[in-house]
Amino acid sequence: MDLSASIRNKLGHNYHELTDLEKLYYRLVIRPTLSADHRFFFEGALDIIGQMYLAERQALFNAIIQFKPRRCFEVGTFTGGGSTFFLASAFEKIGAGKVITLEPHPALFSLATAAYRTYLPHLLDHVEFIKGGDVEAFVPHIDPAEGVDAFFLDGAENADQTLAQYRFFQPHLHSGTVMMAHDWDTDKMASVRPRVESDPQWETLLALDPPYSVGLVVLRRR
Ligand SMILES: C[S@@+](CC[C@H](N)C(=O)[O-])C[C@H]1O[C@@H](n2cnc3c(N)ncnc32)[C@H](O)[C@@H]1O
34 MDLSASIRNK LGHNYHELTD LEKLYYRLVI RPTLSADHRF FFEGALDIIG QMYLAERQAL
94 FNAIIQFKPR RCFEVGTFTG GGSTFFLASA FEKIGAGKVI TLEPHPALFS LATAAYRTYL
154 PHLLDHVEFI KGGDVEAFVP HIDPAEGVDA FFLDGAENAD QTLAQYRFFQ PHLHSGTVMM
214 AHDWDTDKMA SVRPRVESDP QWETLLALDP PYSVGLVVLR RR
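Numbering-wise (my numbering), the sequence shown opens with residue 34 and increments by one.
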């Protein structure tokens, strides 16, 4: 397969999945042919490695733009170049609100915080990084009168841990709470998924499947 075809096959994923040679070709040849929107969701933050496919990034971004939560609690920052970037960018576009994101791995936490200070200072008003792996760390950030407007589950590939994280949010839910979850089709969600799907209070707004996603859902509390 030639370089151009190989890159075009990856345009539904993200820039950081390209090889170094593909990145160079993309920047010189492919990039000028893409719409600004396609570039934004494909590239993310060029200087920070990012995960998530293009359609997944759009789904998270659009959910924040549409429902305007005051805060979105995220489990699993990684480097901050994937979901965190798109959630924070949506809050920046609205001009209010922030993503509060939890990451237990010290090196990833340091990488993400340093990267935002260096490359994305304009987003710092819309993101708060928490070091740790216990969702209880969110408690000081939850206003009891507000509850939780939005949360995104994308932590370790561990069904019990994800279930405990989901349960943490339960008492804070209200009508209109937006829940987003990644890896809906994998073991990570094996305990959460049946509970959510059998709970009539959750309305599924969007469910992305392969090849556009490894499983991403957006739901809203009735
Ligand atoms: C699949 S990655 C998240 C990817 C990220 N959302 C993105 O778009 O780039 C999972 C992350 O969850 C983190 N993690 C593992 N256990 C966790 C826990 N108990 N709480 C929060 N994050 C956790 C891992 O260190 C890893 O960075």
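Yeah, the Cβ is synthetic: ideal placement off N, Cα and C, and Gly gets one too. From a predicted model like this one, the values you see are computed outputs, not experimental measurements.
Three-state secondary structure (DSSP) of residue i
{"i": "Ala69", "result": "helix"}
{"i": "Val247", "result": "coil"}
{"i": "Met222", "result": "helix"}
{"i": "His207", "result": "coil"}
{"i": "His46", "result": "coil"}
{"i": "Glu76", "result": "helix"}
{"i": "Glu190", "result": "coil"}
{"i": "Arg253", "result": "strand"}
{"i": "Leu141", "result": "helix"}
{"i": "Leu241", "result": "strand"}
{"i": "Ile81", "result": "coil"}
{"i": "Ile163", "result": "strand"}
{"i": "Leu153", "result": "coil"}
When the options are compared against residue i, the one with the closest alpha-carbon
{"i": "Ala148", "options": "Gly83, Gly45, His71", "result": "Gly83"}
{"i": "Phe162", "options": "Ser231, Thr52, Cys105, Asp242", "result": "Cys105"}
{"i": "Ala145", "options": "Leu252, Thr110, Phe124, Asn95", "result": "Thr110"}
{"i": "Asn42", "options": "Leu87, Leu157, Gln194, Leu93", "result": "Leu87"}
{"i": "Ile98", "options": "Phe124, Glu76, Phe118, Arg90", "result": "Phe124"}
{"i": "Phe142", "options": "Thr117, Thr112, Ser122", "result": "Thr112"}
{"i": "Glu76", "options": "Asp193, Phe118, Glu107, Asp35", "result": "Phe118"}
{"i": "Ser116", "options": "Gly188, Leu206, Leu51", "result": "Gly188"}
{"i": "Gly130", "options": "Leu156, Tyr152, Gly114", "result": "Leu156"}
{"i": "His46", "options": "Pro243, Val251, Leu252, Arg254", "result": "Pro243"}
{"i": "Val211", "options": "Asp53, Glu55, Phe94", "result": "Phe94"}
{"i": "Glu50", "options": "Met85, Ala38, Phe201, Asp70", "result": "Met85"}
{"i": "Arg137", "options": "Glu169, Gly128, Ser122, Arg150", "result": "Going by the sequence as given, residue 137 is Pro instead of Arg. Ranking the options by Cα distance to Pro137, first place goes to Glu169."}
{"i": "Gly166", "options": "Phe201, Leu44, Arg226, Leu206", "result": "Phe201"}
{"i": "Met213", "options": "Leu36, Ala96, Phe73, Ser39", "result": "Ala96"}
{"i": "Thr195", "options": "Ser231, Phe171, His215, Asp70", "result": "His215"}
Expected contact under 8 Å - CB spacing of residue i and residue j to nearest Å
{"i": "Ile133", "j": "His159", "result": "Wrong, their Cβ atoms sit about 10 Å apart, outside the cutoff."}
{"i": "Leu241", "j": "Leu249", "result": "4 Å"}
{"i": "Ala78", "j": "Leu153", "result": "6 Å"}
{"i": "Tyr58", "j": "Tyr48", "result": "Not confirmed; about 12 Å, so no contact."}
{"i": "Gly114", "j": "Ile81", "result": "3 Å"}
Buried/exposed call for residue i, threshold 16 Cβ in 10 Å
{"i": "Ser208", "result": "exposed"}
{"i": "Gln266", "result": "There is no way to answer for residue 266, as the model of the chain reaches only from 34 to 255."}
{"i": "Lys126", "result": "exposed"}
{"i": "Pro139", "result": "exposed"}
{"i": "Ala178", "result": "exposed"}
{"i": "Gln91", "result": "buried"}
{"i": "Ala151", "result": "Inspection of the sequence shows that residue 151 is occupied by Thr rather than by Ala. Thr151 is exposed by the Cβ-count criterion."}
Run of the alpha helix (DSSP H) containing residue i, from where it starts to where it stops
{"i": "Lys56", "result": "53-58"}
{"i": "Glu179", "result": "First-last for Glu179: undefined, no H or E at that position."}
{"i": "Leu87", "result": "87-100"}
Span of the beta strand (DSSP E) around residue i
{"i": "Arg4", "result": "Not covered by the structure: residue 4. The range shown for the chain is 34 to 255."}
{"i": "Lys126", "result": "Careful: Lys126 lies outside any beta strand (DSSP E), inside the alpha helix (DSSP H) at 116-127."}
{"i": "Thr112", "result": "Counting along the chain, Thr112 falls outside any beta strand (DSSP E), and DSSP gives it neither H nor E."}
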